[in-house]
Ligand SMILES: *Cc1c(COP(=O)(O)O)cnc(C)c1O
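In the numbering used here, the protein residues as written are 2 to 429.
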């Protein structure tokens with residue numbers, strides 16, 4: 002496939018945008034080459050500026066669960082836009098989407114809308130700190146909660162030490178309040194809590210990890226977190242920015258039967274417009290301004306176009322009893338097809354899936370945490386990525402990303418993908 006025009010557009014973008022992109026992973030640094038510029042998308046397909054059609058397995062990193070340019074969402078946005086695009090005043094629409102979200106997700110009474118997953122997670126930990134009157138949080142190595150300072154932390158020297166900043170600009174003062182633990186390792190979490198008794202406000206976790214490839218929780222991990230939090234007066238925050246309204250109507254709380262204290266949303270909840278949200282039982286949410294002392298605000302929060310898109314998306318998911326099973330069936334079909342061809346071609350790999358999330362790790366050992374995810378062979382991944390691109394298939398340009406299956410994908414698309422993977426993996 003030719004990418005002349007994309008390359009030209011990227012060169013022009015680099016002149017005026019740092020790295021040519023507005024979010025770093027888009028720049029293809031992990032796989033080499035130059036990014037593809039999109040012209041339009043419909044259903045399961047992207048159409049780029051060179052006229053190529055690509056089957057899309059990223060789907061805007063999650064939101065387009067029903068496919069691109071999904072008509073009820075597009076129409077809702079068009080109709081709302083004609084009535085004015087922002088007021089900075091309350092609208093009925095905000096109550097409608099809030100009520101629907103609260104009815105779909107277990108264990109939440111109230112929800113507040115923001116503009117991104119980053120904002121949702123940032124606000125959730127402020128709320129948890131205000132509510133518990135404690136400063137520290139625990140996060141897991143390899144989990145991503147957006148780019149606010151408290152989360153840009155890497156492991157320090159010892160397992161139970163404070164984290165250290167992993168970006169310049171994050172202060173040591175901020176880093177010292179973020180403690181790191183290993184995903185799927187409840188004993189490790191216990192030890193971190195033990196070493197910081199009565200200082201921890203919250204544990205924030207991706208209840209199914211999706212930002213180090215897809216890593217489902219091992220049996221007992223989420224239950225163990227719940228117990229530890231309850232015993233120690235710590236709030237459990239499920240960051241469901243990726244999994245919320247994707248793995249089930251009620252997200253991982255519904256799947257696992259484990260109750261979180263605060264839940265963060267993004268991606269699907271906005272139907273492809275910039276939306277995030279966080280939710281909890283009333284006692285916690287009432288701690289937010291204007292009812293309570295914890296400040297949080299936003300000029301464009303609850304924006305009518307964003308709320309219209311989100312409401313249309315949630316309604317579509319809520320009204321389709323078979324949607325999550327349909328997605329899981331497609332994922333299972335794809336996973337079993339990939340498994341077959343990679344085995345036949347003697348590739349070392351592990352496939353992790355749950356619901357509509359799937360990732361292929363190029364290492365034969367089980368991938369259960371950041372350490373095991375990092376063992377994946379990136380050279381193989383690069384060949385895989387560029388090979389698939391040549392075949393007209395777009396997966397995320399990084400080995401640490403999950404693929405997202407959409408309802409718009411047909412079994413013909415899945416077969417085409419499996420055949421392409423067979424062809425590409427023969428030349429590893
Ligand atoms: C994408 C993501 C975020 C950040 O959301 P943005 O909208 O990109 O700010 C936070 N948490 C998780 C689990 C995510 O996948």
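Backbone N, C-alpha and C define an ideal beta-carbon position, used for all residues, glycine too.
Residue i versus the options, residue with shortest Cα-Cα distance
i	options	result
residue 232	213, 246, 202 and 214	202
residue 287	113, 120, 63 and 31	113
residue 260	267, 266, 251 and 8	251
residue 373	67, 350, 395 and 387	350
residue 341	420, 105, 294 and 239	420
residue 164	172, 176 and 171	176
residue 87	330, 305, 122 and 376	305
residue 278	126, 376, 39 and 41	126
residue 188	224, 116, 73 and 146	224
residue 199	179, 135 and 59	135
Sequence-distant residues of its chain with Cβ nearer than 8 angstroms to residue i (five each side left out)
i	result
residue 414	45 and 56
residue 290	296, 297 and 298
Same chain, Cβ closer than 6 angstroms to residue i, five either side skipped, listed in chain order
i	result
residue 325	249
residue 98	308, 311 and 312
residue 427	346
residue 332	354, 357, 359 and 406
residue 423	342
7 angstroms Cβ shell around residue i - same chain, five flanking residues per side excluded
i	result
residue 255	107 and 249
residue 28	20, 21, 22 and 36
residue 63	243, 247, 268, 269 and 405
residue 15	21
For residue i, three-class secondary structure by DSSP
i	result
residue 123	helix
residue 217	coil
residue 265	strand
residue 107	coil
residue 4	coil
residue 248	coil
residue 387	helix
residue 160	Caution applies to residue 160, whose pLDDT of 46 falls short of 50 and renders its modelled position unreliable; the value that the coordinates give is listed next. Three-state DSSP puts residue 160 in coil, outside helix and strand.
residue 360	strand
residue 320	coil
Rounded straight-line distance, which links the Cα of residue j to that of residue i
i	j	result
residue 160	residue 81	Per-residue confidence for residue 160 stands at a pLDDT of 46, beneath the threshold of 50, marking its modelled position as unreliable; no derived number is given.
residue 197	residue 153	20 angstroms
residue 284	residue 30	45 angstroms
residue 131	residue 194	19 angstroms
residue 124	residue 103	18 angstroms
residue 394	residue 388	9 angstroms
residue 273	residue 318	14 angstroms
residue 61	residue 390	17 angstroms
residue 315	residue 329	18 angstroms
residue 257	residue 129	22 angstroms
Residue i beta carbon near ligand 2 (any heavy atom closer than 7 angstroms)
i	result
residue 215	Absent from the structure shown: ligand 2. Ligands present: ligand 1.
(Q) If contact is defined by three or more beta carbon pairs under 8 angstroms, each pair taking one atom from either stretch, is the segment 368-385 in contact with the segment 285-303? (A) no
Q. On the three-pair Cβ rule with 8 angstroms, is the segment 361-376 touching the segment 289-296?
A. The segment 361-376, when compared against the segment 289-296, does not touch it at the 8 angstroms Cβ threshold.
Q | Meets three-Cβ-pair contact criterion under 8 angstroms: the segment 138-154 and the segment 167-175 | A | Remark: three or more beta-carbon pairs, one from each stretch, lie closer than 8 angstroms, so the segment 138-154 and the segment 167-175 are flagged as touching.
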